[in-house]
Each structure stands twice: as structure tokens, then as C-alpha cells.
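Chains as they are written, first to last, in my numbering: chain V, 629 to 1095; chain A, 629 to 1095; chain B, 629 to 1095; chain E, 629 to 1095. Data block below; observations after.
Protein chains: 4
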Amino acid sequence: MADLLKKLKSWSSVWRDIATTTSDKELPSLSADLPEDEIAQVRDQMKACLDIKGGEVSARSRAAALGHAYLELNKTGRQRFLEILADDFATDNAKVEQAIADFQAAETDEEKREREIALRRSLEPPRMTLLRQFNALPDGVKFLVDLRADLLKMSRDNSRLKIVERDLKDLLISWFDVGFLELRQLTWHSPAAILEKIAEYEAVHSIKSWNDLKNRLARDRRLFAFFHPRMPDEPLIFVEVALVNGMSDNVQELLDEEAPLLNPETADTAIFYSISNAQTGLAGISFGNFLIKKVVGALSKDLPNIKNFATLSPIPGFQAWLDQALAKGDSTLLNPKERDALKKASGQKGAKGGLKALLETSAWKNDPEAHDALKEPLMRLCARYLLEAKRKGTRTLDPVSHFHLSNGARMERLNWLGDTSSKGMKQSAGMMINYLYKLNDIEKNHESYQTNGKIVASSQIKGLRKG
Amino acid sequence: MADLLKKLKSWSSVWRDIATTTSDKELPSLSADLPEDEIAQVRDQMKACLDIKGGEVSARSRAAALGHAYLELNKTGRQRFLEILADDFATDNAKVEQAIADFQAAETDEEKREREIALRRSLEPPRMTLLRQFNALPDGVKFLVDLRADLLKMSRDNSRLKIVERDLKDLLISWFDVGFLELRQLTWHSPAAILEKIAEYEAVHSIKSWNDLKNRLARDRRLFAFFHPRMPDEPLIFVEVALVNGMSDNVQELLDEEAPLLNPETADTAIFYSISNAQTGLAGISFGNFLIKKVVGALSKDLPNIKNFATLSPIPGFQAWLDQALAKGDSTLLNPKERDALKKASGQKGAKGGLKALLETSAWKNDPEAHDALKEPLMRLCARYLLEAKRKGTRTLDPVSHFHLSNGARMERLNWLGDTSSKGMKQSAGMMINYLYKLNDIEKNHESYQTNGKIVASSQIKGLRKG
Amino acid sequence: MADLLKKLKSWSSVWRDIATTTSDKELPSLSADLPEDEIAQVRDQMKACLDIKGGEVSARSRAAALGHAYLELNKTGRQRFLEILADDFATDNAKVEQAIADFQAAETDEEKREREIALRRSLEPPRMTLLRQFNALPDGVKFLVDLRADLLKMSRDNSRLKIVERDLKDLLISWFDVGFLELRQLTWHSPAAILEKIAEYEAVHSIKSWNDLKNRLARDRRLFAFFHPRMPDEPLIFVEVALVNGMSDNVQELLDEEAPLLNPETADTAIFYSISNAQTGLAGISFGNFLIKKVVGALSKDLPNIKNFATLSPIPGFQAWLDQALAKGDSTLLNPKERDALKKASGQKGAKGGLKALLETSAWKNDPEAHDALKEPLMRLCARYLLEAKRKGTRTLDPVSHFHLSNGARMERLNWLGDTSSKGMKQSAGMMINYLYKLNDIEKNHESYQTNGKIVASSQIKGLRKG
Amino acid sequence: MADLLKKLKSWSSVWRDIATTTSDKELPSLSADLPEDEIAQVRDQMKACLDIKGGEVSARSRAAALGHAYLELNKTGRQRFLEILADDFATDNAKVEQAIADFQAAETDEEKREREIALRRSLEPPRMTLLRQFNALPDGVKFLVDLRADLLKMSRDNSRLKIVERDLKDLLISWFDVGFLELRQLTWHSPAAILEKIAEYEAVHSIKSWNDLKNRLARDRRLFAFFHPRMPDEPLIFVEVALVNGMSDNVQELLDEEAPLLNPETADTAIFYSISNAQTGLAGISFGNFLIKKVVGALSKDLPNIKNFATLSPIPGFQAWLDQALAKGDSTLLNPKERDALKKASGQKGAKGGLKALLETSAWKNDPEAHDALKEPLMRLCARYLLEAKRKGTRTLDPVSHFHLSNGARMERLNWLGDTSSKGMKQSAGMMINYLYKLNDIEKNHESYQTNGKIVASSQIKGLRKG
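Structural data, given as C-alpha cells:
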């Protein structure tokens, strides 16, 4: 945020110089934790913004000074700053009650409509205006997105701040409407400053070096991101795609910097192997659905040979689910033969032996006996996890699975040893799954999953579950 | 709109091809006036959009089809289309009443806050969602701006549509927040397509030809406009500036294509000689204030020699005010000596003679006697109009005057024969006024005008009023 | 050139300020016709440039001052300026003779090669260096192109300047190598400043207004131009293309602003209806060949439905050729029956009657009798002109014909009343011709035309010649 | 070059598809070392290019195939390829002799001029045409630059290739005229692909990591490079600048990634701490002079506070010169007192002790006694080296010194321990020098150095020499 701070400083001085005398606009500099006796200053400045004192341009200049001050506060100071917004710039209950009374007393349709609007207005808290005014800052949108990231963290144990967070979310939902977003393909010719952020924000298969990044931008790769016009250097969400022949079954190969390049013109399949949200402050505002479909559209147009669109996805919740099932002592997990083989392979006896013990030895994948004993039961259990584990009734428990099924994809193939990184081994015993986006079925799949939680899956996966 | 229609067509087919089967998304083609028996189809499509049937991407595709259909309707058809939005997608009164009851029954602060949000949500009519979905169209923002232009016209005598218009205005206020706007300087190197629109939208001194336009983009001129990132080819508002020495006192000279070019580096004054709003659909959403101040900032930085920022402005309401005053027989308008001189100059006697008669002879400016008889009283009356004529208590009656005074300018100089075009002669007997933007006083001027209607004017203008 | 002059001024002052003391670099201001007693100053400044006095950067600054001075001279002054270049900065004959002697005395191969280079260097006149130094001016390349335009005009009756013109041509040939040129599509979104130049430079069917221009940039049109990276606002050559169904047979239709738009996606034919060179100073440096083939390539890629590429071309030399043949009394031009019909139609008798008399009545195209009497013989004569009239043995006499045949096109169809503008009527009795670019035959056609003047023509045209 | 190869392939197929039948244009694929029996094919293809067979566009297509073939040859093959150019496409001696005879026989001035041109033409070898034709390749200019890099290497021991190298150099001198070059500032927002090349080409202080590079693009740094319009991704030469207060005396500080950032607005000095040529194939074609002066101009304009422009430069030839002087037993190098101190510090006796012995212990800089014994004599000797060591009479022996003195800089300050990297210690015993660019003196300094080798130096440096 140091950069932002710098820009902000220069900016507020610009507005100052341009249009106004400055004496009353600048906040005196505040202590980092915003002690009790400085709170009034902040509150007064906020009021002056809302009163549009000196005109709208001056009000924006005051908002800039406030934004600037906020960025220099520490955690305690920021919390106090936001609490002022929560407490002193909420809706006015008396006005709301009056508006309700008026609304209920309306006699004609036209009156009703007018008073409905008046009631709606009375319910919009004054702080909304101030939040909007921050948009005139340079990088004001980024400021607000980061402000919400602060609010999300703080409001976990501060219920007063929750409503400010939700007000800000409403504002961001409106401003980040998908119609405003710009799809850009990033390449090795993109600005280093943006690529650096991709490396920082990648959340699925972390980017280890500039060479690793360059490999993901090679001739047989594509990287697409959504940007907002007022945050041109900040990706919102991005997806990494490999152009291959046939559906990839392991990610090691895709990340191998030494692997030979394919000719993208002749590839028949696009594999979406990583999708990452980049802005914590946009949590709960979803673009992934649009991103995937726009990218499918762009690739279809550019590379008519591509016939299949699929993911190679992690199964982040499997191991946790399995641990819980084992802890509960669920006897349906393994059959006796498997249990014996696992005990034997783990070289341990009794309760401590078996599946769990083996999985805890990180080296099982290189031990042929352990490997053979694990493969069948693990794939079955994973298929069972994917197809049966639910939350809130109809949603799959696995969040990645829920995302793709909501988008209308189907579960296509479970891949043994698809991700042998330590993260992959830990989360899902090294397994990965392909979700297939079949264009003609997307809407139907979406609808049946959305309405009654029906999961569309291939016969491989269904077969695995049965064992 | 033909272009928009074309783009829209190609676009909706793109979404169709990309992501979905299409059978149920396309509206059957509608009759131009949307007869009774086709209304249900439109309503169902709207419902499908709001139900997000088939997923958000499909919903947007359906909204595209609706937008497309709208553009092909005639006036009657469009009105019916919008009435569906007004009547069938309004808030649900029962739900609102329930939310009110819940809100009023809240017991804890936290409950209160939660239910306040719920109440606010219940007051947001479903049509808002549909309006937002149009944003995913290509040129979707322009579509909405033009939709509001339609609504403004239709709702004059159709009160059911007024609330739709106001919903849309709320949306546009949020999306056209000044922080999103981009200030661009337009030059003779700008796209012809954009310059063509400048010529079309210019509302003060109409642009007669490409040469006239080119003259307004010459080396000693500047033309700045605000653009929205999603309407990159459509100026929202623009201002034309002449770089001169001393404050210009007539617009003929500025518009003279043969006038010699000045060196902008040595000019000491920037004259804002034309400000035009370009989008009817953004009526009531004001950017002029910001535009002027941003332009002042940009010019100050680029041309440090510029010391004065002033307008050369029309006085559009003077003649109408004078006519009314004359009709009322206001005896304070002229003194006896003036009255005699005017009668003499008009060559007419009695009631018909004098001021009015003279003004109606369009040629008075070339008749020395008439000219001399008119100059003094007209300038006095105009100063009186500017300083005294009010509406709503504190606002000046003249709209241009109100705009600049609100921005913190002061009335600086009244110019005799400042605009001798037929429009200028008719509106303000050929007079123009300079408003001066003195940077250090802007805020103070704004504040005193805003708070108690105090007009800051130069001694020339005050002196003129006294006669 | 006023703009160029202005830029030049500001630029030379920049170099001055940056890097050097200035006293000796600036030329004192010169009289417009460069009288005898100022010539020494110019010569000295040129010498200082060539001596690289004060370093290369200073030399370029001096060249800027010279360029600047040149632009302010009148015709006489410019001629004198260029004569200095011709006379005082030519090769040094003594040095050339010495280099010849050395070359001829070389004993080893290596020596020979070294001295060959030395001889070549001795033959490069010093003025070449100065010409190159002008390239560091802003718009230096445009300066040189315009300088050559001056030289071409002046050297017609001033043989001393011819060699300067040829030196400059050699330089421009190297710098305007086709590999440096950039193909750009111009649209209504291109800068007005560039479109204005298109209108100015169009040489075949003059552009009458901005609406005419806009029509040539409509959805079913394409306009492509070559640009040089150092003359980004100056088209070098451009071609106008109409996307149609079937081969157009008259240009009136193409230029009709009211004609309905076609869907470019379904057009099967691209008609090149106007090709214009834009820079007089690049005469004799040919790009048209490359332009057409690059445009064919671009259109093929963008619009796969386009199957035919053809021109609709004027026949600028026909009338002049016919006049000459008539003047010579060539008795093979008409047969007796035709002669009678023409005499009758012209209403005149004897020598003055007939073809010539009719053609001179500009209104013949609207007189059914005249029209009928003229059509057959004129089309036959035009076919004969196209197929038989030659110069330099193998080249067709018609320059447009020579251009397209050299490029490998074939004569496809002669169109009666293809261009009824006064220019078209005058040049070619209203006829136009289509040249067809058949991709598989281009090279073969080129080769046979180039080698032995063989013209490839359709049976229509061959048939017409026979009558 | 793999990328280039790929582009080339796709390109030659494009030309093929567009304009011609292809059978005769493609070379059959060649063996990597171009054996005797394949040479005729290459020679014939070259001839076809020069005969412009099938037209200029076809010729360029053939040249593309040749370029393509060249890139796939190994070292031997390439040498043979170039020997064909050297031997079979040289000037025709008989024609040259004839042109000489004609030239010498000219009787009039006009004849003389015509025949001079004819003679010049006869001296231009046919291979020049082919070299130019490569310019129509994609990245054709880069191809030629790399071709010259090959030629420079090969012609060291192959005198037949030297003339081809010189022909190509002439072509490149014309095409890389400084007027064509574009100055660009590179920042952390520049394309990663270009920044990667900066890291690769940096020749003075090597770039160790992306963080090192990012530090050189920080807020208080500037990096400027020249680019050619046809090699937009390839820097030709670049300079790294630090904005500081006072003249930097060591490079460690500048390269320290942890050093605090300065405010560029308040810096008073620009330090050019690294200048690197990036293209081997442009050896002998100098831009550094222009680069420095353009950057001085750009910085002056952008940051008016910058008053001093200086370098912090290596002294690459000092150690080699010193070694030689020591080897010769030059007794004037040290005085007896120094000699004693050095012997003592080195702990060695007799001939082996002293200066050389100490310098060879890489750790002397950390040994206080050694350090103190070395400082005074080394600085004196270095000043002597800089001021007295010459080659070719008037040039300083040190190449960096020659470059800056030629540009008009003066020697300002010698800095002890200015570069303690192992390269710095080895080349110049850790010393660095500042050259000062004083704008008013540049031209004068240049002139006196150029004309009679006079070195302008500060009193510090002159004083050091005296000891």
C-alpha cells in the first residue's frame, strides 16, 4: 500500500492546488492509533464531506485527506476510524420511522410510489456517500477494495463493523458488475508489474520463480484475467490454461519448465489448471463463472481446433473429510481385504495401522506395496467424497467441486497421482479431478445442480464409487 | 441507434454460441407496437432473467435478447415494454410490510441492523436487477443512458413510468460517479467518429462545418471532454477553451476561422466559451463542476503562463425575463429620458414604440441611433436581471448563471454585442457575460451562494445595475 | 508545411538548450531569395555539418537550423540553396581519379576488395551526409520527401539539380524499403487529421465532402494505407475497397452515399476501386504492388467468403490515344456502317462529323441515337487501345493497365458507362475496366508480361477487339 | 533465435498463400553444413531473388525461404552460405572497368555526372539487393543485425567474408540512422520480455535477479533505451540513471536493493552508472553520444531540480596498463617511501614484494595496513593512466574514457573503493571515476579533445597525478 499512499499524497495536494484554499480541508496529522481526543477531528472531517461544504470538488478533496489519514493508521486506529463510520453515520432511526409512517399512510398509487422511494432513501446510511467519495482518489477503487479486506477481518469479532462491511459490499457489487470488467490475455509481453502480481496472487499451484511464470505464458499456454477499468494494474481473478492433446491427468507435467512446447494450432483440448481470486476485498462477489465462459469463447474463436474444455482441479477437502470419517470409525470405508493389505503395507498393527498410518508416511507413493494397497480404496473413497459429501443439503462439500458444478460442468475423470506436490499429497492424497465443460450441456447441468443438487458425473467416477 | 442494434445482434449470438443451447433464450420476434398478446412473452423472458435460470451467464444472454427486442420496438411498443417493468417488477408490498414489521420488532442493536438491511433489500424493486443485467451488453451502458432518455420523455405524461425512470437514475448515478470518468483532450488527431459527435452535441454555439470544428481544435484552443470507460466513443460533457490575452469580450472573434493563431505559450487567459452536456439520458447527473475544475488543473500544469480562467457565457434567460417585465408594464425598467430616446429611435409612438419595438427590429445593431439608445438601458437591465432575478428563493433565475455561481465563479464583466448571432440577439440582445474563476475564492464564493444566495459580482456589473 | 516549420523551430531550440552553447549554430536569418551575399553563410553552415564540428549532436543541430532556413526561403532562394548542394558538395574529382588509379593498381584479391570499397566511398558525394542529417529533425523524413518534390520540379529545367535529386532518391529508396512500411486499415475511427489527408490525396475519384469520405469507410468498405514509421500521420499510398457480390461494373453505384449497405460477411468479391499515391516526393519508388498483395492477404484472412479480387479501374489514356489516331486519319478505326451511323447521329457531315464530333457533345450519353451509334465502336476501339497500344516496345501505353499487368492481374471486363463523371467521360468516354487478380496466376501473368509483354485478357475483351 | 525461426516459417507460408503458386519458391530442405552438392540450389535461389523473377513480391518470398534456410544451418553451413554471397554476388570487375572508362571519357559536365552515378552503381555488389530483401521478413532487421554478428565473428579469419560484413555494415548504418531511433523510458510497467533482455544485455554491472532489476527501475532511478521501429522488442543501447543528491562515489550503494528511496523531485544530480550496447551486430555503429544527450534533455525537462549530469564509470583498462608498466620495470611508478611501505605491507621481500604482490591478494581492501599503503600510489597511478596513456596519438587508452571525452565530458573525480565487486577490484583496483557533463562546455570539450587530444580534467584528478 506504500505506492497507493504516495499517489494519494500527491493527489490530494493536486486538488488542493487546483481549486481551493486549503486551510480547512487538510486533517492535522493523526496519531497511529487514533486516540480518543483525535476522534472528533475525524468525525468533523467526515461531516464536512457529507455536507458537501465548499462544493462537491472540495468535499472530494476532504475525502482524500481522510483516505490518506486512514492509510497511515495502525490496526487499532483503523478500527476506531471505522467505528466512527459505523456509529455516527448510520441511518437515522427517527427518520426511518417517519418514512415508514408516511409510506403506510399513502393513499394513491402515485403517493405510494413516491413514499416508497423516500423510505428507501431514508434507509441509505450517510456513510455510503462518504464511501463513494473515496472513488475520486487515484486508485480509489483499490482503496475501497482494500478497505473491505480490512473490514472483513475486523468484523469477525466486531459486530458493529459488520454493517459497514455490508454497505461497502453493496457498493462494490454495483461497481464490479461483470459488464464493467475487461478480459485481458496476459503474456510474457505484459508489464512486469502485472505479472509480478499474478505470481503473488496465484493460489492453486504457487509460482516459484520468473522462469516458472514464463513457462505458464509459453506458446502453448494462455493466461486470462479480468480487470476493472479503474484498477488497470490489478487482476481481479485469473485462469491459467494449457493447450494440449487429450485431457491432462497430472499437473507435474504442465508445470515442468523443461517439457517440450506443443503447437497450439493442433491442440484439441484446453485445460484450465489454475483459477485464483486475487482480491480479498472482493470476497463473495463472483466472477469465475463469467471468466471461464468468456475464455472458452475467446479460445474457440482463436483456435478452432480446440474441441474440449476441461479443468485439472484439486480436491481440497478430501483429506479433511477422510480424517473425520476415520476419526468417527466409519466401518464402511474399507472392506476387510483392503484393511488387511493396508495394515500389512503400513507394517503396523491394531488401531494405529492401516490407511491413516500409511497416508501419514509422506513417502508412500514411492513404496510399491503401499502404493498398490492405497490406490483402489483411496480412489473409491474420493469418488464417494465427491459424489456424496454435501453441505446445506444440496451443495457439494468440496468448494472447487461446487464452483464447477454450479457453472454447469460435469465430473469427468479422477486422476491418481495427479498432483504429487506436498500440498497435493496432503489435501487429496495426490489425486486431481477433471471437470468437463461440454458446451451444449452447461445450462442443463447448471439447472439440475442448482435446483435439486443433482451431480452429473462420468461413468468412470460413478464406477469408482462402487469400487 | 442502428449501430448499437447491429452490435447487439452480433453480441447476443456470440453468447449463444459460446456457452449454451439457445432454444429458450431468444425471444420470438415481436411486433413493433408490442400488442397485448405478445406481452406475456416479454414478461416471461424478464422473469427468466431475474430467476437467473440456467445460470448468470444465460440470464445475461436473455437480457441481451430483451434489449435487442426493445430497440426494434416503436414508441408505443417501447412504452408497453417499460410499463411491464413498472407494473410487474415493482417491489412486493406484502414483503415490504413484513420487513417493516420485523424491523420494528427488533430487540437488539444487532438485530436492528440486520433487519434494516433486510428492509432496504425489500425496497429494491426486482427491475433493478434486470436494468443491471443490460450492462453486459456491448454498449450496455449507452443502452441504459438512452433508455433513460426514452423514460424521461415518456414519463412526462405517464406517472407509472416515473418510478422506473428514478430507479434507473439511481443506477446511473452510481455508475457515473465522477471517480470513474476519464478526462480526455480532443484534438484534430482524435477519431473522426468522436469529433463528429462533438459537432452533433454542441449546444451553445453550433458547429457549422468540419472547418469550424477544426478551428476549435487549433493550436490556441483546447477541447476537453469526460468519457465513461464503458462508453469510450461517447462524450458525456465537453468544454471548449480559447487561449487568449486578456478576457475575450465577444464570441464572433473566437469563432472566426480566419482569425490569426495565438501562441498558447504566451497566452495569459483561458476562456471557456462553450460547455455542452451530450447525453440527454444523464439529465440531472452533474459533471460540469468537476469538468471545469479538472480542466483548470490540466491547463495550469501544462501552460504555467495562464493566470486567469474565465468563461464567455450566454445569458439565455434575459430576453424572456425582459419580455415578461415589459408585459407587466414595470415602470422601473426605463427612465423618462431613455424612454424618449427609444421612442425616437424606433420611429414609433405610444405604447408600441420604445424598447420592445426596437428590439424586434433585428437590424438595430447596425442603426447608430437605435444602438446608442439601447446600449445603456439594456446593459443596466441585464445587470439587474443577473443580480436580482431569482427562483426558489436563492437561485438565480438564469440557469447558466446558477451553474457558474454554484461552482464558485463570480460575475466579472457584461459584454455589449458579445454574440451577434441570431440566437444571441434573440436570447440576450447580443450581450454575453464573463464569469471569473478565481482559484482562491472559489470555495468561499460557492459557500456563500449555496447557503444564502449571495452573488459575488464585480464593480462593473454592480455599477451597471445602478445605471 | 506551416506545421512542420513550427515543429522544426521548437525542435532546433530544444537541441540547442540541451547540449550545447548556441552562438555558432544558429544561422542568422536569411532573405527569402537567398541573395549572393548570404550564400557564403549557408555554405559555411553546411561545411560545419559535414565536419561534424562540435560533435555529431551539434552537427545535427546545425542541420536543423539549415532545414529551418530552407523552409522559409521562396522559390528562388530554395533553388540557390540546392545549387550550393549541387556545386559545392559534389564528389571530389581528383580523389575519385586517385581511387580509380589505386583500384586498378591493386595486386591481391584482398587489396582489390579494399580499394573497391574505397572507390565506392570516393564516389559518394558529401551532400549525402547532409541529407541524412536532416533525418534527425522532427518530421525529418517528411522534410526530405518534400525536398525531393521540390527537386523534381526544379530539376526539369536545371540539370545541375538533377544529380541532387538522384542522390536523394537513392537515400529514400533505402529508407522506404517496403520492409519498413506499415499497413494500416483506416476507418471512421481514425484520426480526423489523417482522414483529411486521404481526402486531399485521393487522385482517382475525388472526395467531395466528409460524408463522401464516411461512405468510403462504411461497413462494406475498406481503406488500407501504407505508412512509414517516421511519417506516422502521412499515408504513402492507399487503396479503397468495396465488398460486393459480383464484380462491380460502375463506380457511380460505389460512390452513392445513399446506396444500401451490404453485409461484408457474405460478400464474395473485393473491388479495388481507387489507388492513389500520396507523396509526390516518392515518385518512382513503387509500393502499389505490395499494397495490393498485402490487402488481398488481409482481406482473405478476415473475410473468408471473399473469393474474387478485382479492380474497377479508369482507362486514363484512351481518349488521348483516340484523338491522336483520329488526327492521323487512321482509316481502320471505324467501318463504313459505323461511320454512317455516327455521322447521322452527330447531325454533321463531312470531316467534322462522326465520332469526334459526337464525343465532343458532352450530352451524347443521354441521346439514345448517339449512344447506340457510339457503344459498339467505342468499346472495340478501347479494347484495341488496351491490347495493342504500347510504348518502349513491351509496355502497354495505358499507365494503369501497365501497373496492374505488371502486378500479374489480367484484363477481365470492359464496362460501358462505368464512370459517367465529367472526368470519366473525358478520359475514356465513360468506360472502365476490371482487372482480375487470380491468386494462382499472378506470378505466371507477371512473368509473361514482364518478359515479353504478353497481355493476359478475358475472352470478352479479346472478343470486343475483333468487333 | 528459435522464436525468429518460428515467425519466419509462418511468414513465408503467408506470402506463399497470398500471392503465388509456391512450387518454385521454396528451397528443398538443406543439410545443416550445406555440403558441396547443395550449394548450387542456394546459389540459384539467390539468383532468382536478384532477377526479381515472378515480381518483387515473389522475390521477397524467395528471400524469406533463404533466410529461413540460413537459420537452420550450423556454423559450417552458414560460412558456406555467406561465401556464396561473397564470391558469386560481388561486383563485376569487367563492368566496373567499363564504367571507369566511360567516366573518364565524359566530355560535358552533365555527362560526367551521369557517368559518375553509373560508376557508383557498378560498384554496388548484387548481394546488397539480397541483403535488403531480407528486410521484408518478419523481424528482418533483427535477422540482418544477427547476420552481421555472425559475419563479424567469421570474418576474423576469413578475409573473403570481410567485404560482405562491410556491405552489411553500410546498409545497417543507413537503416540505423539516429533519426529513426526511438528513445523509450523503461519501467517496472514495461513488458517482462523487454526487461528480460535488459538483464541479459547489461554489460557493466551485471543484473543478478528480478529484484536487482526492479531496484534499478525504482522511483529514484531511470532507465532509457534506444529502439528501432522495426525491432520494437530489442533495445539497441541503454543507460541506467540514479537520481541522487551530490555526485555518487561508489556503485555498491546504488545497487543496494535495501537502500532507502530518494525523492526524485528534490534530487540535484543524475548519475549515469551503466551504459550497455545490446546488439553485437551493430558494433561500430555508435548511438551512445545521442543517447546520453537525449536523456539529459528528457531529464532536464521532467525534473528541473537536476543540475548536474555525471557518470559513475569503470576504468576497465587500468589494471592491464599497470601490469604492463610493472612488467617493464618502470621505475617512475613508485617512490622509495611507497616502495618500502608496500613491501612491508605485503610481507614479502625482493622483487616479488610490493604493489603487484599486494594487489594479487584479493583481500587487501580489508587489511588496514595494505589498504593505507596502496591508496595513495594507486590513485596517483590511475590518474596518470587516465591522463597520459594514449593510443593512436590522441585517443586515451581507456575506452570508456575515450567515449565520454569524445562526447564532451570532463574527468571530474576519482573514487577510491568505488566498485569493490570482484570485477571492479580486478579491472581497476576498485576505483571508479565520475565524468561530468557540463552543458555549456560540452561542445568546447569535444572539439579540443577531437582536434588535439586535449583532456579536460578537474583539479582533483590533475592533483592526484602529481602525487
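Heads up, the beta-carbon is just placed ideally off N, CA and C, and yes, glycines get one too. Only a predicted model underlies this, so the values are computations on that prediction, with no experimental measurement involved.
In this chain, the beta strand (DSSP E) harbouring Thr939/V covers 936–939. Within the DSSP bridge table, the entry for Ala870/E names Arg849/E, Ile899/E as partners. Apart from the 5 residues on each side of it in sequence, Leu713/E sits with its Cβ closer than 6 Å to the Cβ of Arg755, Val792 in its chain, given in chain order. Between Asp848/E and Leu910/E, the C-beta gap is not smaller than 8 Å, which leaves the two residues out of contact. Across the set Asp661/A, Arg671/A, Leu655/A, Asp679/A, the C-alpha of Asp679/A shows the shortest separation from the C-alpha of Gln1078/V. Put simply, the backbone Cα of Ser783/E is about 49 Å away from that of Gly975/E. For Asn839/V, the secondary structure class from DSSP, reduced to helix, strand or coil, is helix.
Residue state for Asn1068/E is assigned as helix, using DSSP reduced to three classes.
Shown here, Glu828/B sits in a helix according to DSSP, grouped into three states. Nearest to Leu961/B by C-alpha distance, out of Glu997/B, Ala938/B, Glu1004/B, is Glu1004/B. Interface flag for Ser834/E against chain V is unset, since no Cβ pair is found closer than 8 Å. Assigned with DSSP and collapsed to three states, Glu1040/V falls in strand. Listed in chain order, the non-local C-beta contacts of Glu966/A below 6 Å within the same chain comprise Pro1005, local neighbours out to five positions each way being set aside. For the segment 802–819 of chain B, residues whose beta-carbon sits nearer than 7 Å to a beta-carbon of chain A comprise Trp816, His817, Ser818, Pro819. The way I'd put it, the segment 732–745 of chain A doesn't touch the segment 729–744 of chain V; fewer than three beta-carbon pairs between them come closer than 8 Å. A residue is called buried when at least 16 other Cβ atoms come within 10 angstroms of its Cβ; His1032/E meets this threshold and is buried. With fewer than 16 other beta carbons inside 10 angstroms of its own, Glu886/B counts as exposed. If you check the CB distance, Ser1049/A and Phe946/A do not come in under 8 Å. In this structure, the beta-carbon distance from Val1084/A to Asn1068/A does not fall below 8 Å. Nearest Cα to Asp930/A within the set Glu893/A, Lys921/A, Val724/A, Trp838/A: Glu893/A. Here Ala660/B carries a coil assignment [DSSP, helix/strand/coil].
Per DSSP, Arg741/B is one residue of the alpha helix (DSSP H) stretching across 737–750. In the same chain as Val806/V, and ignoring 5 residues on each side of it, the C-beta atoms closer than 7 Å to its own belong to Phe915, Phe918, in chain order.
Taken through DSSP and simplified to helix, strand or coil, Ala718/A comes out as coil. Here Ile943/V really is in contact with Met1060/V; their C-beta atoms are around 7 Å apart, less than 8 Å.
One alpha carbon belongs to Pro656/B, the other to Asp1000/A, and they sit about 53 Å apart. Three or more beta-carbon pairs separated by less than 8 Å are not found between the segment 861–879 of chain B and the segment 847–865 of chain A, which leaves the two stretches without contact. For the 8 Å CB-CB criterion, Phe771/V and Gly695/V form a contact. Taking a C-beta distance under 8 Å as the contact criterion, Val769/E and His856/E qualify as a contact pair. Not flagged as an interface residue toward chain A: Arg784/V, since no C-beta distance is shorter than 8 Å. Annotation for Leu780/B: the continuous alpha helix (DSSP H) segment containing it runs 768–782. Comparing alpha carbon positions, the residue from Tyr1063/A, Arg844/A, Gly1046/A closest to Thr939/A is Tyr1063/A. With respect to Asp861/A, Ile801/A sits apart: the two C-beta atoms are not nearer than 8 Å.
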